[in-house]
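Trainee: Quick one: structure below, then a few questions.
Number of protein chains: 2
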Amino acid sequence: MDRKIISVKAEILRELRNTKGYISGQEISDKLGVSRTAVWKVIQQLEAEGYDIEAVTNKGYHLISYPEILSSGELMSRMTTLWAGRRVYYHKETESTNEDAKYLAEEGMEHGSLVVADMQTGGKGRRGRTWVSPAGESISMSLLLRPDFLPDKAPMLTLLMAISVAEVITGLHRDLDVKIKWPNDVLVNSKKVCGILTEMSAEPDYIHHVIVGVGINANQTLFPEELQDMATSLRIEKGEKVDRTALIIGIMEYFEYYYGIFAEHLDVSDFVDIYDSYLINKGKEVRILDPKGEYTGVAEGINDSGALIVKLSDGTIKTVSTGEVSVRGIYGYV
Amino acid sequence: MDRKIISVKAEILRELRNTKGYISGQEISDKLGVSRTAVWKVIQQLEAEGYDIEAVTNKGYHLISYPEILSSGELMSRMTTLWAGRRVYYHKETESTNEDAKYLAEEGMEHGSLVVADMQTGGKGRRGRTWVSPAGESISMSLLLRPDFLPDKAPMLTLLMAISVAEVITGLHRDLDVKIKWPNDVLVNSKKVCGILTEMSAEPDYIHHVIVGVGINANQTLFPEELQDMATSLRIEKGEKVDRTALIIGIMEYFEYYYGIFAEHLDVSDFVDIYDSYLINKGKEVRILDPKGEYTGVAEGINDSGALIVKLSDGTIKTVSTGEVSVRGIYGYV
Numbered sequence: 006m007d008r009k010i011i012s013v014k015a016e017i018l019r020e021l022r023n024t025k026g027y028i029s030g031q032e033i034s035d036k037l038g039v040s041r042t043a044v045w046k047v048i049q050q051l052e053a054e055g056y057d058i059e060a061v062t063n064k065g066y067h068l069i070s071y072p073e074i075l076s077s078g079e080l081m082s083r084m085t086t087l088w089a090g091r092r093v094y095y096h097k098e099t100e101s102t103n104e105d106a107k108y109l110a111e112e113g114m115e116h117g118s119l120v121v122a123d124m125q126t127g128g129k130g131r132r133g134r135t136w137v138s139p140a141g142e143s144i145s146m147s148l149l150l151r152p153d154f155l156p157d158k159a160p161m162l163t164l165l166m167a168i169s170v171a172e173v174i175t176g177l178h179r180d181l182d183v184k185i186k187w188p189n190d191v192l193v194n195s196k197k198v199c200g201i202l203t204e205m206s207a208e209p210d211y212i213h214h215v216i217v218g219v220g221i222n223a224n225q226t227l228f229p230e231e232l233q234d235m236a237t238s239l240r241i242e243k244g245e246k247v248d249r250t251a252l253i254i255g256i257m258e259y260f261e262y263y264y265g266i267f268a269e270h271l272d273v274s275d276f277v278d279i280y281d282s283y284l285i286n287k288g289k290e291v292r293i294l295d296p297k298g299e300y301t302g303v304a305e306g307i308n309d310s311g312a313l314i315v316k317l318s319d320g321t322i323k324t325v326s327t328g329e330v331s332v333r334g335i336y337g338y339v
Numbered sequence: 006m007d008r009k010i011i012s013v014k015a016e017i018l019r020e021l022r023n024t025k026g027y028i029s030g031q032e033i034s035d036k037l038g039v040s041r042t043a044v045w046k047v048i049q050q051l052e053a054e055g056y057d058i059e060a061v062t063n064k065g066y067h068l069i070s071y072p073e074i075l076s077s078g079e080l081m082s083r084m085t086t087l088w089a090g091r092r093v094y095y096h097k098e099t100e101s102t103n104e105d106a107k108y109l110a111e112e113g114m115e116h117g118s119l120v121v122a123d124m125q126t127g128g129k130g131r132r133g134r135t136w137v138s139p140a141g142e143s144i145s146m147s148l149l150l151r152p153d154f155l156p157d158k159a160p161m162l163t164l165l166m167a168i169s170v171a172e173v174i175t176g177l178h179r180d181l182d183v184k185i186k187w188p189n190d191v192l193v194n195s196k197k198v199c200g201i202l203t204e205m206s207a208e209p210d211y212i213h214h215v216i217v218g219v220g221i222n223a224n225q226t227l228f229p230e231e232l233q234d235m236a237t238s239l240r241i242e243k244g245e246k247v248d249r250t251a252l253i254i255g256i257m258e259y260f261e262y263y264y265g266i267f268a269e270h271l272d273v274s275d276f277v278d279i280y281d282s283y284l285i286n287k288g289k290e291v292r293i294l295d296p297k298g299e300y301t302g303v304a305e306g307i308n309d310s311g312a313l314i315v316k317l318s319d320g321t322i323k324t325v326s327t328g329e330v331s332v333r334g335i336y337g338y339v
């Protein structure tokens, strides 16, 4: 699958970024098949957005620096994926990116479309809980998927996203202690930095669409008092600001890669080892809030379906499917 | 759970219907706790809609006859259920009752709310196919459910609805040969009279809502030529018009009853016998369109999960889950 040009602005930004020295308006115009006037107009726009672009007669343009902002141009110019996040719908402010993605799904937007917002006014957590996503500090994004597998496989996509997020944070910030709390919270130093809300619209044997929503505490410096014991941000743990665009792009890359592997077997057998390596509950006592009665056991890892394997004190092995129960460990409620 | 008054009009109609002789405006007023003026206004409305109501001084009102129409007043006045279809949203014409029910779901309408339309302009079948629902002849309805069980149980609701429809048609029209084609088409004389489209909005471990859409060919007298071999109406098979309101009410009664039983075990073990008694495929050869390769066998019935049990010629038993495959028997494609 070849990359196709979705946004001229993003492509021009990509050319500027990939050029060590200078690139002329004519070169860009030839490469992208757009007029020189169009190139010039985009350069003006980019400068207005805070990109520092040097223009030298007979040499061309040179990108000196770019602003620390989230924007669709910035995201799409740096995106290297084939489908995941290739088309970005960016909002400075929106109620909920999952709701936006649902709307795009109904409008027929393609598999892999990504909604990103700098701020959500009504961010959603699981089961209708709220998720706080302040301006300029957080990442709120929702990926629209149109899988051709059966609805009962969809919950595993949540695990794939959790691993993707964990891998990218680890890759970009080697000094951070990244863990996953089963099934899908990502923690740093035992506090939550990322929540995932997967929503599906389906018939019994046919998925209309799946939306994987991801909220990341990136650059917050302060949390409400009642959350301070449970939540943190990458910036707080790292002691410096992180590049949100790099995180988003990295997550799309990992997710696209993992999705391809997953689609072959439709189970998480290829991901058990990596998931377990992040699993904060592994080898620890967990309390299973089964509707038929609570019980405790030691979490041993996940199985090929993504269920948590729990060993009871009498040696019995139980598997806890995504959502069948809640798990309470020493780290509070999932 | 007591029945609560949702529509004064429906309750007044119910009183008129349940009274053999005459009931005075004062009696109705006292019974329902509404003013006599309100009672009088509703009587006027009903007469305008075609209800023939006799009014005799010092005796009161007497319902002589009622029109053969679908209306929320007619439906709600005859509805005897506790929750299924207790609140009816009736449209003379709408694009799709499933879409309407989705909208109501987002607006927070309660479990059991029912959308009914006399005609759909964009009726939906499974997987985006179309469903024809002409004015004055068909039944198009969508029941909104908010189950508290897990999403993987929801496909079985389709089977419950199929049995409900089959039971009601059989009960009201004993002379018709009613069958179910697995998983959820209802046939009369081997032709389709009812299709069911179940749609769900869910998180991996939490159902937002389920919408069970039901389309019934009730009083059509003619089908497009390309459908004549596959589809029929109750009127065509019976040779006379059927009462659509009675069908809708009956289906709500059966579904409410079956839903209560289903909710106890969350499987269809209590329904296997009755389902199999309607199963047109039972004991017949079926062709399973498995993505891994077609095969044929003899359908033996369903199991506790609603899957079709198929015996291959070498004696092997296979179970075909809802949606895993298509089944082609001697009756065309499901």
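Those sequence lines, one after another, are chains A and B. Here the first sequence stands for residues 6 to 339, numbered as in the numbering used here. Here the second sequence stands for residues 6 to 339, numbered as in the numbering used here. A virtual CB, placed ideally from N, CA and C, is assigned to each residue, including glycine.
(1) Could you have a look at Gln225 (chain B) and say whether DSSP puts it in helix, strand or coil?
(2) Under 8 Å, Cβ to Cβ, is there at least one residue of chain A near Asp35 (chain B)?
(3) Check whether the stretch 175-190 of chain B and the stretch 242-255 of chain B are in contact - that is, three or more C-beta pairs closer than 8 Å.
(4) Could you tell me whether the Cβ of Pro152 (chain B) comes closer than 8 Å to any Cβ of chain A?
(5) Taking the alpha helix (DSSP H) that Leu284 (chain B) belongs to, which residues open and close that run?
(6) What distance in whole Å lies between the Cβ atoms of Leu68 (chain A) and Val93 (chain A), which are believed to be in contact at a cut-off of 8 Å?
(7) Consult DSSP for Gly334 (chain B) and reduce its assignment to one of helix, strand or coil.
(8) Shortest alpha-carbon distance to Ile58 (chain A) belongs to which of A:Gly26, A:Gly117, A:Thr126?
(9) Suppose contacts are defined by Cβ-Cβ distances below 8 Å. Is Thr321 (chain B) in contact with Asn308 (chain B) by that definition?
(10) So, using beta-carbon positions, are Gly55 (chain A) and Ile74 (chain A) closer together than 8 Å?
(11) Just the C-alpha distance for Ala268 (chain A) and Ile48 (chain A), rounded to the nearest angstrom, thanks.
(12) If the cut is a Cβ gap below 8 Å, which residues of chain A does Glu204 (chain B) touch?
(13) What residues in its chain sit with their C-beta under 6 Å from that of Asp123 (chain B), if we drop five residues either side in the sequence?
(14) Three Cβ pairs or more, each shorter than 8 Å: is that satisfied between the stretch 255-263 of chain A and the stretch 81-88 of chain A?
(15) Does DSSP put Gly265 (chain A) in a helix, in a strand, or in coil?
(16) List the endpoints of the continuous alpha helix (DSSP H) containing Val16 (chain A).
(17) What's the call for Arg134 (chain B), buried or exposed, on a 16-neighbour Cβ count within 10 Å?
(18) Count the other C-beta atoms from every protein chain shown that fall within 10 angstroms of the C-beta of Tyr336 (chain A), then say buried if there are 16 or more, exposed otherwise.
(19) For Gln50 (chain A), name the three-state secondary structure that DSSP assigns.
(20) Assuming Gly65 (chain A) contacts Val44 (chain A) (C-beta within less than 8 Å), just tell me the rounded distance between them.
(21) Can you tell me the Cα-Cα spacing of Ile185 (chain B) and Ser206 (chain A), whole angstroms?
(22) Taking the straight line between their C-alpha atoms, what separation do you get for Ser326 (chain A) and Arg132 (chain A)?
(23) Here's the rule: buried if 16 or more other CB atoms are within 10 angstroms of the residue's CB, otherwise exposed. What is Asp182 (chain A)?
(24) Find the residues of chain A that neighbour Pro160 (chain B), judging by a C-beta separation of less than 7 Å, and give them in chain order.
(25) Assuming Leu162 (chain B) is part of the alpha helix (DSSP H), what are its boundary residues?
(26) Taking the straight line between their C-alpha atoms, what separation do you get for Ile144 (chain B) and Val215 (chain A)?
(27) Asp180 (chain A) CB to nearest chain B CB: under 8 Å?
(28) Note down the Cα distance separating Gly288 (chain B) from Asn189 (chain B), rounded to an integer number of angstroms.
(29) How many Å lie between Ile17 (chain B) and Ala106 (chain B) at the Cα?
(30) Mind checking who Phe217 (chain A) pairs with in its DSSP beta bridge?
(31) Is there at least one Cβ from chain A nearer than 8 Å to Asn131 (chain B)'s Cβ?
(32) Identify the contact partners of Thr163 (chain B) in chain A, using a Cβ-Cβ distance below 7 Å as the criterion.
(33) Anything in chain B within Cβ reach of Asp157 (chain A), meaning under 7 Å, just list it in chain order.
(34) Are the C-beta of Ala304 (chain B) and some C-beta of chain A separated by less than 8 Å?
(35) Could you tell me which residues DSSP pairs with His116 (chain A) in its beta bridges?
(36) Going by other Cβ atoms of all chains shown within 10 Å of its Cβ, with 16 needed for buried, is Thr301 (chain A) buried or exposed?
Mentor: Let's see:
(1) In the second sequence, the residue the question calls residue 225 (chain B) occupies position 220. Note: Gln225 (chain B) maps to coil in three-state DSSP.
(2) Locating residue 35 (chain B) in the second sequence gives position 30, where the first residue counts as 1. No, no contact with chain A.
(3) yes
(4) Taking the second sequence and counting its residues from 1, the one referred to as residue 152 (chain B) is at position 147. Judged by the 8 Å Cβ criterion, Pro152 (chain B) is not in contact with chain A.
(5) Working through the second sequence from its first residue, we reach residue 284 (chain B) at position 279. Run containing Leu284 (chain B): none; DSSP gives neither H nor E here.
(6) Taking the first sequence and counting its residues from 1, one reaches residue 93 (chain A) at position 88. Taking the first sequence and counting its residues from 1, one reaches residue 68 (chain A) at position 63. Contact between Val93 (chain A) and Leu68 (chain A) is ruled out by a C-beta separation of about 20 Å, above the 8 Å threshold.
(7) In the second sequence, counting from the first residue as 1, residue 334 (chain B) sits at position 329. Below a pLDDT of 50, predicted positions are generally treated as unreliable, and Gly334 (chain B), at 49, falls in that range; the measurement from the model is reported next regardless. Note: Gly334 (chain B) maps to strand in three-state DSSP.
(8) Translated into the one-based positions of the first sequence, residue 58 (chain A) becomes position 53. The candidate whose alpha carbon is nearest that of Ile58 (chain A) is A:Gly26.
(9) What you label residue 321 (chain B) is simply residue 316 of the second sequence in a count that begins at 1. What you label residue 308 (chain B) is simply residue 303 of the second sequence in a count that begins at 1. No.
(10) Taking the first sequence and counting its residues from 1, one reaches residue 55 (chain A) at position 50. Taking the first sequence and counting its residues from 1, one reaches residue 74 (chain A) at position 69. With respect to Ile74 (chain A), Gly55 (chain A) sits close: the two C-beta atoms are nearer than 8 Å.
(11) By 1-based counting over the first sequence, the position of residue 268 (chain A) is 263. By 1-based counting over the first sequence, the position of residue 48 (chain A) is 43. Taking the straight line from one Cα to the other gives about 41 Å.
(12) Position 199 of the second sequence holds residue 204 (chain B). Going along chain A in sequence order, the residues near Glu204 (chain B) (Cβ under 8 Å) are Ser206, Ala207, Glu208, His213.
(13) Reading the second sequence from its first residue, position 118 is the one you call residue 123 (chain B). Excluding sequence neighbours, Asp123 (chain B) sits near Leu75, Lys97, Ala140.
(14) yes
(15) To locate residue 265 (chain A), count along the first sequence from 1; it is residue 260. Three-state DSSP puts Gly265 (chain A) in a helix.
(16) In the first sequence, residue 16 (chain A) corresponds to position 11, counting from 1. According to the sequence displayed, residue 16 (chain A) carries Glu and not Val. Run containing Glu16 (chain A): 13-23, per the alpha helix (DSSP H) assignment.
(17) For this step, residue 134 (chain B) is matched to residue 129 along the second sequence. Arg134 (chain B) comes out exposed.
(18) On the first sequence, residue 336 (chain A) is found 331 positions in, with the first residue counted as 1. Bear in mind that the predicted position of Tyr336 (chain A) carries a pLDDT of just 43, short of 50, making it too unreliable to give a figure here.
(19) Position 45 of the first sequence, counted from the start, is the residue given in the question as residue 50 (chain A). Of the three classes helix, strand and coil, the one that applies to Gln50 (chain A) here is helix, per DSSP.
(20) Translated into the one-based positions of the first sequence, residue 65 (chain A) becomes position 60. Translated into the one-based positions of the first sequence, residue 44 (chain A) becomes position 39. Contact flag wrong, Cβ pair sits at about 10 Å.
(21) Taking the second sequence and counting its residues from 1, the one referred to as residue 185 (chain B) is at position 180. Taking the first sequence and counting its residues from 1, the one referred to as residue 206 (chain A) is at position 201. Rounded to the nearest angstrom, the two C-alpha atoms are 26 Å apart.
(22) Position 321 of the first sequence, counted from the first residue, corresponds to residue 326 (chain A). Position 127 of the first sequence, counted from the first residue, corresponds to residue 132 (chain A). When rounded, the distance between both Cα atoms is 17 Å.
(23) Your numbering for residue 182 (chain A) matches position 177 in the first sequence. Burial call: exposed.
(24) As a position in the second sequence, residue 160 (chain B) is number 155, starting the count at 1. Simply Pro209.
(25) As a first step, residue 162 (chain B) must be located in the second sequence, where it is residue number 157. Counting along the chain, the unbroken alpha helix (DSSP H) around Leu162 (chain B) starts and ends at 160-177.
(26) Taking the second sequence and counting its residues from 1, the one referred to as residue 144 (chain B) is at position 139. Taking the first sequence and counting its residues from 1, the one referred to as residue 215 (chain A) is at position 210. Taking the straight line from one Cα to the other gives about 31 Å.
(27) As a position in the first sequence, residue 180 (chain A) is number 175, starting the count at 1. It does not: the Cβ of Asp180 (chain A) has no partner Cβ on chain B nearer than 8 Å.
(28) Taking the first residue of the second sequence as position 1, residue 288 (chain B) is located at position 283. Taking the first residue of the second sequence as position 1, residue 189 (chain B) is located at position 184. Taking the straight line from one Cα to the other gives about 18 Å.
(29) As a first step, residue 17 (chain B) must be located in the second sequence, where it is residue number 12. As a first step, residue 106 (chain B) must be located in the second sequence, where it is residue number 101. Going from the Cα of Ile17 (chain B) to the Cα of Ala106 (chain B) covers about 27 Å.
(30) Here residue 217 (chain A) refers to the residue found at position 212 of the first sequence. Residue identity differs from the one stated: residue 217 (chain A) is Val in this sequence, not Phe. In the DSSP output, where bridge partners are listed per residue, Val217 (chain A) has A:Leu148, A:Thr203.
(31) Position 126 of the second sequence, counted from the start, is the residue given in the question as residue 131 (chain B). The sequence shown places Arg at residue 131 (chain B), not Asn. Yes, contact with chain A.
(32) Translated into positions along the second sequence, residue 163 (chain B) becomes position 158. Going along chain A in sequence order, the residues near Thr163 (chain B) (Cβ under 7 Å) are Pro209.
(33) Here residue 157 (chain A) refers to the residue found at position 152 when the first sequence is read from its first residue. Here the neighbours are Asp157.
(34) Position 299 of the second sequence, counting from 1, holds the residue named residue 304 (chain B). Between Ala304 (chain B) and chain A, the shortest Cβ-Cβ separation is not below 8 Å.
(35) The residue given as residue 116 (chain A) occupies position 111 in the first sequence. Bridge partners of His116 (chain A): none, in fact.
(36) In the first sequence, residue 301 (chain A) corresponds to position 296, counting from 1. Its Cβ having fewer than 16 others within 10 Å, Thr301 (chain A) is exposed.
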